[in-house]
Amino acid sequence: MIHIRQCFYCEVINVYIFSKKIKCLDCGGNYRAIKERGKHKYICSTYNNYRTCTRWKLSEDYLIELVNNHYYTELIKQMVITVKNKKEDRPILTPAEIMVRVEQIEVSPKNETFTIYYKDGTFTRITPTREIYWGERE
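Each residue of the sequence shown is one higher than the one before, counting from 90 in this note's numbering.
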């Protein structure tokens, strides 16, 4: 069991939850956080600085939703909780818990796919048609 302290800074200042965790598979660069229309998003730093990579943004809200869905699915698999039909009844991770659980996110802007790798050895993969796959690393 992992004990996590509440992230004081996440609530006091704007913290980008996935900073230094998102890697571009096309150019090898890192994704950087930007604020666009009041929303946190991530974009390839190579594209942002030199325009030599493909422009493809990831929304922080969407990534958080995916991580929370993965967490919920894992709890059901482990039989810790039962299926809850209403989204409001599902457990939600704090920003600090998300930062601890997510190991790395690999993005391919050309293919419009990305994979979220978790420290427990599982992953969430998103296809260009927004199909979601969960699994364990080989």
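Ideal Cβ placement from N, Cα and C applies to all residues, glycine included.
Quick caveat: nothing in here was measured; it's all calculated off a predicted structure.
For Ile187, the closest alpha carbon among the candidates Arg140, Val156, Phe212 and Lys130 is that of Val156. Judged by beta-carbon spacing, Tyr131 lies beyond the 8 angstroms limit of Tyr139, meaning their Cβ atoms are not closer than that value. For the alpha helix (DSSP H) assignment, the uninterrupted runs of no fewer than 4 residues enclosed by the region 135 to 175 are, from N- to C-terminal side, 149 to 166. Look at Ile111 here: in three-state DSSP terms it is strand.
Pairing Arg214 with Tyr207 gives a Cβ-Cβ distance that is not under 8 angstroms. With contacts defined as CB atoms closer than 8 angstroms, Phe212 and Arg190 fail to qualify as a contacting pair. Taking a cut-off of 8 angstroms for Cβ pairs, the region 103 to 117 and the region 160 to 169 do not touch, as fewer than three such pairs fall below it.
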